[in-house]
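Colleague:
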Amino acid sequence: MFLGCSARSWLNRQAISAVRKYTRGRVHNQRVPYARGLSTKICRMPTIESQYVSRIYDNIVKSESDKNEYRGLELTNGMKVLLISDPTTDKAAAALNVQVGYMSDPWELPGLAHFCEHMLFLGTEKYPTENEYHKYLCQHAGSANAFTANDHTCYYFDVAPENLQQALDRFSAFFVCPLFNEDVSDREVNAIHSEHDKNLQNDMWRLKQLEMSTADPKHDYCKFGTGNKATLDSLPKARGLNVREQLLQFHRQWYSSNIMALVALGKESLDELTQMVVPLFSAVPNRGVSRPEWAQHPYGPDQLKVLGHIVPVKDNRYMYMTFPTPDMRKHYRSSPGDYLAHLIGHEGPAACSRN
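What follows is the structure, given as structure tokens:
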């Protein structure tokens, strides 16, 4: 498990942006407002799941060379789902993204979102045996991981295709009925502390921490997202805070289906994947929360024109220049930041770097 600022695979990127692909379709015989992305063919709602699905999007426009089949769903609990049918795949996989990360940690408990990520793996009411999820995946050619970023947390796994149903059953229980057993919490705090120790020897992490620590000290971006034994154990105890109660409260507050997106890939047909996924994930509670947003930029006038020197752990020589910009996610189709990065980094005769 690790923290990161971007998804680590194509599948995870799909989980984070699944809803962006759903742009035209039919909703129980009603047309969905038009935007780019889907053809107009009417999709078929599997009858058995119609009570759990409020919208279904079929015939997503794709490359002519792409042989996969896609379907988008919006469940009645607000969760966005993207299903991918690939009969040739040698691995089934799934990823679930929840739009809350370390920036939503309480100020007095840095690392709580990351701690929540760790604890979800350690038992649920349906599968109370510790590490049942990992054991099942290991027995069926699979693997799993997760990461906590500043404004989202992503969980993902892969498994032998014939075992997708059982893997999803175990996976979905994280978000329906986690146990958060107190008797394993100390060990997970130690695991998080070990991650922190490892990060201290990583030059990129050190650079990232400098970037965060020079932000507006009142902005959530500057929080210590990894956490360690001090922030999750000794300091809370000294302040009389019950970390497990805070953990339960954090999960109840933020782990809501209406700010989650799921991607599942398997050999099965789209109808079979629908029948497999919908009953499991429609059970995730919708708490009606709003996705956390930050109107104020983490770098105001007082945080600009800062020069930092870092002594590297390894024999590295880098120069980094950071330009604070507004949130560009709404411009994901055109990615204006990529154009600026290309112009600044271009090394041709008339490049900025040569003038």
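Per full-length UniProt numbering, the very first residue in the sequence shown carries number 1; after that it's consecutive.
Where a beta carbon is used, it is the ideal one built from N, C-alpha and C, also for glycine.
Note that the coordinates shown come from a computational prediction; the quantities given were computed from them, not determined experimentally.
Between which two residues does the alpha helix (DSSP H) harbouring M260 extend?
Modeller: Note, M260: premise wrong, no alpha helix (DSSP H); beta strand (DSSP E) at M260 to G266.
Colleague: What residue ranges within the region 162-250 form continuous alpha helix (DSSP H) runs of no fewer than 4 residues, ordered along the chain?
Modeller: 164-173, 185-200, 203-213 and 235-238
Colleague: Please say whether S143 and F157 have beta carbons closer to each other than 8 Å?
Modeller: yes
Colleague: Considering I56, what are the terminal residues of the beta strand (DSSP E) in which it resides?
Modeller: V53 to D58
Colleague: Could you spell out the range, first to last residue, of the beta strand (DSSP E) harbouring G345?
Modeller: Unbroken run through G345 is the alpha helix (DSSP H), P336 to G345; no beta strand (DSSP E).
Colleague: Give me whichever residues DSSP pairs with D158 in a beta bridge.
Modeller: A93 and S143
Colleague: From which residue to which residue does the alpha helix (DSSP H) around E272 run?
Modeller: L270 to F281
Colleague: Secondary structure at S256, three-state DSSP: helix, strand or coil?
Modeller: Here S256 carries a coil assignment [DSSP, helix/strand/coil].
Colleague: Less than 8 Å between the CB atoms is what I'm expecting for V278 and M260, so what's the real figure, rounded?
Modeller: Not really, about 14 Å apart at Cβ, beyond 8 Å.
Colleague: Under DSSP, the beta strand (DSSP E) around E69 begins and ends at which residues?
Modeller: E69 to L75
Colleague: Nearest CA to the CA of E293: which residue from G266, F180, N77 and N150?
Modeller: N150
Colleague: Can you look up G348 in the DSSP assignment and give me helix, strand or coil?
Modeller: If DSSP states are grouped into helix, strand and coil, G348 belongs with coil.
Colleague: Does the region 178-185 come close enough to the region 113-124 that 3 or more CB-CB pairs lie under 8 Å?
Modeller: Yes: at least three Cβ pairs fall under 8 Å.
Colleague: Ignore the nearest five residues each way along the sequence and tell me which others in Q166's own chain have a CB closer than 7 Å to its CB.
Modeller: Y136
Colleague: How would you call N228, buried or exposed, if buried means at least 16 neighbouring beta carbons within 10 angstroms?
Modeller: buried
Colleague: Within 10 angstroms of the Cβ of W107, are there 16 or more other Cβ atoms? Answer buried if so, exposed if not.
Modeller: exposed
Colleague: Closest to T322 by CA distance: which of A215, S256, S334 and Y127 is it?
Modeller: A215
Colleague: Measuring only the C-alpha atoms, how far is R317 from Q303?
Modeller: R317 and Q303 have their C-alpha atoms some 24 Å from each other.
Colleague: Should G348 go down as buried or exposed, given a rule of 16 or more other Cβ atoms within 10 Å for buried?
Modeller: exposed
Colleague: Classify S104 as helix, strand or coil using the three-state DSSP reduction.
Modeller: helix
Colleague: How big is the Cα-Cα spacing for P87 and H342?
Modeller: 38 Å
Colleague: Out of T325, S282 and R71, which has the shortest C-alpha to C-alpha gap to Y52?
Modeller: S282
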